[in-house]
Amino acid sequence: MVVEPKVKGFICTTAHPAGCEESVRRQIAYCKEKGQVDGPKKVLVIGASTGYGLGSRIAVTYAYGADTIGVSFEKEAKGKRTATAGWYNTKAFEKFAAEDGYYAKSFNGDGFSREMKDQVIETIRKDWGKADMVVYSMAAPRRTMPDGTAVSSVLKTVGKEFTNKTIDLKTNEVKEVTVPVADEEEIQNTIKVMGGEDWSDWIHALAEADVLADNASTIAYSYIGPVVTHAIYKDGSIGQAKKHLYETSRKLTEELADRGLKAYVSVNKALVTQSSAAIPIVPLYISLLYKIMKEEGLHEGCIEQMYRLFADKFVKKEVDEAGYFRLDDWELQDKVQDKITAVWDQVTTENIQELGDIDGYWEDFYQMFGFHYDNVDYSADVEI
Ligand code: NAD
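Throughout the sequence shown, residue numbering follows our numbering, covering 286 to 669 in sequence.
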């Protein structure tokens, strides 16, 4: 079947298997060229199929020479419907890892569930004995709770509504958007979905089953961003969940101190992923950020960020005074943010091409679904 992109707003409903394989191949090639360092050897990655989690899985495999177990929630192909990008990415990763002699097993299903935790625990027990690192990179719109009820996260403000510029991804128009206020229940639900509760459940389940090595590490991801995004991100409903994630990291380190566990949060750069495309204002900010960071020679994608995290910051345990790894260090440099502040008020539909890297935004967007790779033949029939 010939597979074409079908874009609806901030999502593409098709994915290209050969293009997803190319994306994974390039990410692996980047790490191979950078070389290996000493680090954990048995790594569980939860949320391993796209974005930062996939970048993490690739980085630990090729930077540390680690075996990995990956958990994700993706859809298989059905009839003429392609699988999701994460499904193809996972297949491609398993293929390349096997060719290079690395163990890579993947589980597809609900990472929030106890059943998934039990399956992974059994596999670690049987295949590895113990895991020495757990990366938690799940980003989900909803969660089924242990009692069977479902809760959803929202991308809203806290306290008062917020109006600012955004980009309409359907038309590339720069418009005003008013982000509504989350009520208390919505905030609590967002914390349940995107906060640290499930991360903590995973770590405690692994520790109780005695499949977590002594002195193991665990790491989850957050975002802070500049003032222009604070109302919607850092101080918004998602930011409350990220605060909970951070508190969870401190609690986990305390609770499992007798085993020497260290739980970290890494604050990463704003990048185009399936999750970030859904946040109002952020895509406009990203397109301005890309333009400036590319001009400054500071631009990184998921794999560059994750290689730098694992091969450099994690090895050196280079954290800020609050204990975070700061992969947003280049994004938040004054020379980058001052330029964004200077253009933010000027940007309009007419000059977005000039002031922002809207083409770069869309290029990353299409490539997330396996499209727009210059060395993939998109007119060819592919097995989906
Ligand atoms: P993503 O959408 O690319 O990846 C999400 C992953 O979670 C996928 O592997 C998906 O399969 C998995 N997943 C979703 N629901 C699941 C479920 N129920 N069970 C198992 N797996 C499930 O997202 P991303 O942007 O890479 O986000 C990962 C983390 O990085 C999040 O914590 C996010 O807040 C953080 N982060 C993202 C950015 C950014 O700009 N994209 C910046 C900083 C931090």
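Cβ atoms here follow ideal geometry from the backbone N, Cα and C, with glycine treated the same way.
Residues bridged to residue i (per DSSP)
i	result
residue 418	328 and 502
residue 549	504
residue 458	453
residue 296	293
residue 427	437
residue 354	329 and 390
residue 610	551
residue 448	463
residue 442	466
residue 497	416
residue 363	366
Of the residues the options, the one placed nearest residue i, counting alpha carbons only
i	options	result
residue 570	629, 528 and 548	629
residue 533	661, 547 and 309	547
residue 531	497, 514, 503 and 543	503
residue 299	584, 655 and 527	655
residue 443	545, 521, 390 and 564	521
residue 637	422, 325, 390 and 456	456
residue 314	612, 633, 646 and 588	588
residue 407	390, 423 and 660	390
residue 361	465, 375, 411 and 464	375
residue 543	566, 499 and 420	499
residue 660	393, 290, 311 and 291	311
residue 383	352, 409, 366 and 398	352
residue 294	565, 658 and 480	565
residue 327	308, 658, 341 and 319	341
residue 451	563, 398 and 288	563
residue 440	458, 292, 462 and 549	462
residue 436	460, 479, 545 and 420	479
residue 481	428, 598, 373 and 432	428
residue 323	598, 410 and 657	598
residue 297	549, 647 and 333	647
residue 514	596, 409, 490 and 555	555
residue 329	305, 292, 410 and 301	410
residue 609	567, 650 and 553	553
residue 572	301, 519, 305 and 649	649
residue 421	431, 289, 354 and 519	354
residue 568	460, 475 and 541	460
For residue j and residue i, the rounded distance between their alpha carbons
i	j	result
residue 505	residue 665	39 Å
residue 539	residue 317	36 Å
residue 368	residue 303	12 Å
residue 337	residue 591	7 Å
residue 602	residue 363	45 Å
residue 627	residue 488	44 Å
residue 669	residue 446	44 Å
residue 551	residue 380	29 Å
residue 477	residue 526	7 Å
residue 633	residue 561	21 Å
residue 350	residue 467	44 Å
residue 464	residue 412	48 Å
residue 667	residue 331	29 Å
residue 356	residue 453	32 Å
residue 557	residue 393	23 Å
residue 365	residue 652	21 Å
residue 370	residue 559	10 Å
residue 631	residue 524	27 Å
residue 486	residue 580	43 Å
residue 635	residue 458	8 Å
residue 359	residue 396	11 Å
residue 645	residue 307	18 Å
residue 321	residue 433	44 Å
residue 386	residue 377	14 Å
residue 373	residue 582	31 Å
residue 449	residue 423	28 Å
residue 612	residue 594	7 Å
residue 657	residue 585	19 Å
residue 529	residue 607	14 Å
residue 334	residue 309	10 Å
residue 339	residue 388	15 Å
residue 289	residue 305	13 Å
Closer than 7 Å: residue i CB and nearest ligand 2 heavy atom
i	result
residue 573	For the structure depicted, ligand 2 is absent and the ligand set comprises only ligand 1.
* Could you say if the stretch 329 to 347 and the stretch 621 to 638 meet the contact criterion of at least three C-beta pairs nearer than 8 Å? => With the cut-off at 8 Å, the stretch 329 to 347 and the stretch 621 to 638 do not touch.
* Kindly provide the chain-ordered list of residues whose Cβ lies closer than 5 Å to any non-hydrogen atom of ligand 1. => Every residue whose Cβ sits closer than 5 Å to any heavy atom of ligand 1 is listed here in chain order: 332, 334, 335, 336, 337, 338, 357, 358, 371, 395, 396, 422, 423, 424, 425, 506, 508, 553, 555, 556, 558, 559, 560 and 561.
* **contact_flag[the stretch 413 to 420, the stretch 470 to 477] where n(CB pairs < 8 Å) is 3 or more** => Here the stretch 413 to 420 makes no contact with the stretch 470 to 477; the two share fewer than three CB pairs at distances below 8 Å.
* Between the stretch 572 to 583 and the stretch 627 to 647, do three or more beta carbon pairs fall short of 8 Å? -> Yes, they touch.
* Three or more C-beta pairs closer than 8 Å, one from the stretch 504 to 519 and one from the stretch 607 to 616: is that the case here? -> Because the criterion of three Cβ pairs below 8 Å is met, the stretch 504 to 519 and the stretch 607 to 616 touch.
* At least 3 beta-carbon pairs within less than 8 Å: the stretch 476 to 496 vs the stretch 393 to 408 -> Yes: the two stretches touch, three or more of their Cβ pairs being nearer than 8 Å.
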